[in-house]
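K.L.:
I am attaching a structure below and will ask some questions about it afterwards.
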Amino acid sequence: MRINPESSASKDKPSLDQLLALKRAERPDAAFWQAFDERMRQRQLAAMIEPAPWWYGAALFLRRASVRKVFVPVAASACLALFLTLRLGNVDLKNAKLAGVSPSRVVTPAGLEPAAGTQTGSSGSFDGSSAKLATGKWDRITRTDMAATTDSPNLKGLSGTSDLAEDGKILNANQVAAVGPGGLTNVPVKGAALGSETLSTVDSSSSFPATFSLTAPILETAGFSVGESIASIAGTDSAVEDSLGSVNFDAVWEEGIAALPNLETAPLNPRQARLLATVDDAGVTGPTKSLAHVRERVVHRLEANEEFYASASRVGVSGDRLSLRF
Amino acid sequence: MTASQTLSSAGAIAAERRLEAEADAYLVQRVQAGEVDRFDDLTLKYRERIWSLLYHMTSNREDAADLTQDTFIKAFQSINRFQGQSSFFTWIYRIAVNGAINYLQKNKLRRFFSFEKVQEDGSVTSLLDQLADSSVSSDRAAYLSELQQKLNEAMQKLSIRHRTVVTLFEIDGLSHEEIAEITGTSVGTVRSRLHYAKQLMQADLADYLKT
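The listed protein sequences correspond, in order, to chains X and W. Counting in my numbering, the first sequence runs from 5 upward without gaps. Counting in my numbering, the second sequence runs from 537 upward without gaps.
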């Protein structure tokens, strides 16, 4: 039904106050309040057993401890400053660690010595990733900033000169090292120096020599273009072009793989087992697994020495330290 | 009503509020001392007023019920922090108003109205008898429903803050000072908002109001 405002005289119309009085009369019935009370009781009980949030406890503590309000922002600022200091200090520490890595500490797989003229990480050679690979610093490169998915257009240039970026093939550390000394690192290519952004992603604490991949955005962020570098060098220097063409990467590859002892599958003899002592490496993965691998390699070499075998009771590797127990 | 009558009425209300505040303070002390059941007395005392406030702010009876429960649960959880600097009545109204404002701001686009029936007590019945002429008195329920709908529409057109002031003053009958304390504004701001809100409602309901 529609009210016709014109149908009633003006004197019969209500005032705004009278209409608002109607609003006061809008009240629920008793059944509503009964349901309301039941629901209210349930929620109240649930609220009683619900643990208070952490900030509530903190606020209560501050109130009870009569901490002046001015101290709260001061304390928060101090915490923030401490956090930023530690965080920035950590980044500098990482860079310092990388810069301090000397060639003498470089680890290369057995049977493969670094080639002469090998590029160091900061000498501005091939590019960030290849410099790391060439000097054998693969054990100091984090999983994320390491090498190579071949979707990158920048890496397509490599496909003609090496197997490093072949059809999405992912190389393990030993394979990369095998390619490195005899292959790419001998190429006197030009390129950008190792960028600071790449440096900052190197983390010795999470280093490992295992399977890795290099994503295109990392290379592009660092400002490296491998394919373009090689193409430009090959176009300007015929000697380089010749040397690239003369390198048989497949042969180097096979040679390197063959030279590596297959430690993971080779059974341990009792002498090796005694030196390896009681640590169970089963199920260990990532960086820890690599340490176990190094330890086995050391045992493999040293157990041939009868005198040493008789005196040593245990061999351990932790980080870059080798420990012997006699 | 003369000025002296108005003053005496205001004084009586103030005295009543003071007694009420003292009774509330005693109950709050008992709850803080561990007598949790005493909080039920406070709930029972204020639930209809809080629900009414929230209902007129949201125009939805179910939302108002949920918000009322939230209000009392928050008050119960924070009762130990209540230090008696204001009355319990003001404190719980502030919790309710803030909860309603948060709810309305979060649900600007998702609004459903559900209205309560008008309980026809003496004052409303006489008002309706006065309002209804012969043409509509035969269907007073429909007439009342339409008036209610128009009024609620006019209320919902107001901003949240103006609606709050109108509800607290015109429907809950609080003083300007109490509203200022609840909303955290000055008395002048309350008066200004009230005046502006009533102007808007007058304009919106012009066809239905006495000129």
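In this text, a Cβ means the ideal position worked out from N, Cα and C, and glycines have one as well. All figures in this text were calculated on a predicted structure; none of them were measured in a lab.
Measuring only the C-alpha atoms, how far is PRO77/X from LEU84/X?
P.N.:
Near 10 angstroms, if we compare the C-alpha coordinates of LEU84/X and PRO77/X.
K.L.:
Tell me the rounded alpha-carbon separation between GLN685/W and THR700/W.
P.N.:
Those two C-alpha atoms are separated by around 18 angstroms.
K.L.:
Who are the neighbours of LEU687/W on chain X, taking C-beta pairs under 8 angstroms?
P.N.:
Result: LEU23, LEU24, LEU26 and LYS27.
K.L.:
Check the Cβ-Cβ distances between PHE40/X and every residue of chain W, and say whether any is below 8 angstroms.
P.N.:
Output row for PHE40/X: interface = yes.
K.L.:
Just tell me which of ASP21/X, TYR313/X and GLU30/X has its CA closest to the CA of ARG597/W.
P.N.:
Out of ASP21/X, TYR313/X and GLU30/X, GLU30/X has the C-alpha closest to the C-alpha of ARG597/W.
K.L.:
Hey, HIS592/W and LYS27/X: beta-carbon distance below 8 angstroms or not?
P.N.:
Yes.
K.L.:
Quick one: is PRO77/X near chain W, going by C-beta distance under 8 angstroms?
P.N.:
Chain W, which has no Cβ nearer than 8 angstroms to the Cβ of PRO77/X, makes this no.
K.L.:
Would you call the CB atoms of HIS712/W and VAL702/W closer than 8 angstroms?
P.N.:
Against a cut-off of 8 angstroms, the Cβ pair of VAL702/W and HIS712/W comes out as no contact.
K.L.:
Kindly list, in the order they appear in chain W, the residues whose Cβ is closer than 8 angstroms to that of LEU20/X.
P.N.:
Correct list: LYS734, MET737, GLN738, LEU741 and LEU745.
K.L.:
Just checking: is the beta-carbon of GLU706/W within a distance shorter than 8 angstroms of some beta-carbon in chain X?
P.N.:
True, the Cβ-Cβ gap to chain X drops below 8 angstroms.
K.L.:
Can the beta-carbon of TYR744/W be found closer than 8 angstroms to that of LEU694/W?
P.N.:
No, Cβ-Cβ distance for TYR744/W and LEU694/W is not below 8 angstroms.
K.L.:
Quick one: does ARG43/X have its CB under 8 angstroms from some CB of chain W?
P.N.:
With 8 angstroms as the cut-off, ARG43/X counts as an interface residue toward chain W.
K.L.:
I'd like to know if the region 573-589 of chain W and the region 602-616 of chain W are in contact, where contact means that at least 3 CB-CB pairs between them fall below 8 angstroms.
P.N.:
Segments in contact, yes.
K.L.:
Counting only the same chain and skipping the five closest in sequence on each side, list residues whose C-beta sits under 6 angstroms from that of GLU508/W.
P.N.:
Only positions 537 to 747 of chain W appear in this structure, which leaves residue 508/W out of reach.
K.L.:
Would a C-beta distance cut-off of 8 angstroms place PHE608/W and MET44/X closer than the cut-off?
P.N.:
Yes.
K.L.:
Using a Cβ cut-off of 7 angstroms, which residues of the region 597-627 of chain W contact any Cβ in chain X, in chain order?
P.N.:
From the region 597-627 of chain W, only ARG597, ALA601, GLN605, PHE608, ILE609, PHE612 and GLN613 have a Cβ closer than 7 angstroms to chain X.
K.L.:
Can ILE707/W and LEU24/X be called in contact, C-beta distance under 8 angstroms?
P.N.:
It is a contact, given that the beta carbons lie within the stated cut-off.
K.L.:
Could you say which of ALA79/X, PRO18/X and SER327/X lies nearest to LEU680/W if we only look at CA atoms?
P.N.:
Nearest option by C-alpha distance: PRO18/X.
K.L.:
Quickly, what does DSSP pair GLY320/X with across the bridge? List them, please.
P.N.:
DSSP output for GLY320/X lists SER327/X as bridge partner(s).
K.L.:
Just to check my reading of the structure: ALA632/W and LEU590/W have Cβ atoms closer than 8 angstroms, yes? What is that Cβ distance to the nearest angstrom?
P.N.:
About 6 angstroms; that satisfies the 8 angstroms criterion.
K.L.:
Counting C-beta neighbours from all protein chains within 10 Å, is the total for GLY61/X 16 or more, i.e. buried, or is it exposed?
P.N.:
Flag for GLY61/X reads exposed.
K.L.:
Report the option in ARG566/W, LYS610/W, GLN641/W and ASP740/W whose CA atom is closest to the CA atom of ALA690/W.
P.N.:
ALA690/W has its Cα closest to that of ASP740/W, out of ARG566/W, LYS610/W, GLN641/W and ASP740/W.
K.L.:
Does the Cβ of LYS734/W have 16 or more other Cβ atoms within 10 Å, making it buried, or fewer, making it exposed?
P.N.:
LYS734/W is buried by the Cβ-count criterion.
K.L.:
Name the chain W residues that come within less than 9 angstroms of ALA35/X, Cβ to Cβ?
P.N.:
What ALA35/X touches in chain W: nothing, since even the nearest Cβ is about 12 angstroms away.
K.L.:
Would you please verify whether the beta carbon of HIS592/W is less than 8 angstroms from any beta carbon of chain X?
P.N.:
Cβ-Cβ to chain X under 8 angstroms: yes for HIS592/W.
K.L.:
What would DSSP say about ALA226/X, mapped onto helix, strand or coil?
P.N.:
Reliability of the predicted coordinates at ALA226/X is poor, the pLDDT of 41 falling under 50, and the value obtained from them is presented with this limitation in mind. Reduced to three states, the DSSP call for ALA226/X is helix.
K.L.:
Throw me the rounded Cβ distance for the SER595/W and GLN692/W pair, which I believe falls under 8 angstroms.
P.N.:
So it is a contact: roughly 6 angstroms between Cβ atoms.
K.L.:
Thinking C-alpha only, which one of LEU90/X, ARG325/X, PHE40/X and GLU42/X is nearest VAL298/X?
P.N.:
Closest option to VAL298/X, Cα to Cα, is ARG325/X.
K.L.:
Judging by CA-CA distance, which residue of ASN638/W, PHE612/W and GLY709/W is the nearest neighbour of ILE696/W?
P.N.:
Comparing Cα positions, the closest option is ASN638/W.
K.L.:
If you count every other CB in all the chains shown that lies within 10 Å of the CB of ALA35/X, and 16 or more means buried, which is it?
P.N.:
Under this definition ALA35/X is an exposed residue.
K.L.:
If the criterion is Cβ atoms closer than 8 angstroms, does the pair ARG305/X and ALA316/X meet it?
P.N.:
Result no, Cβ atoms of ARG305/X and ALA316/X do not sit closer than 8 angstroms.
K.L.:
Counting along the chain, where does the alpha helix (DSSP H) carrying GLN738/W start and finish?
P.N.:
Its alpha helix (DSSP H) spans residues 723-740.
K.L.:
Listing by chain order, which chain W residues have their CB less than 8 angstroms from the CB of ALA51/X?
P.N.:
Result: ILE609, PHE612 and GLN613.
K.L.:
Name, please, each residue of chain X whose Cβ falls closer than 9 angstroms to the Cβ of THR579/W.
P.N.:
ASP41, MET44 and GLN48, listed in chain order.
K.L.:
For the alpha helix (DSSP H) that contains ILE715/W, what are its first and last residues?
P.N.:
Per DSSP, ILE715/W belongs to the alpha helix (DSSP H) from 712-719.
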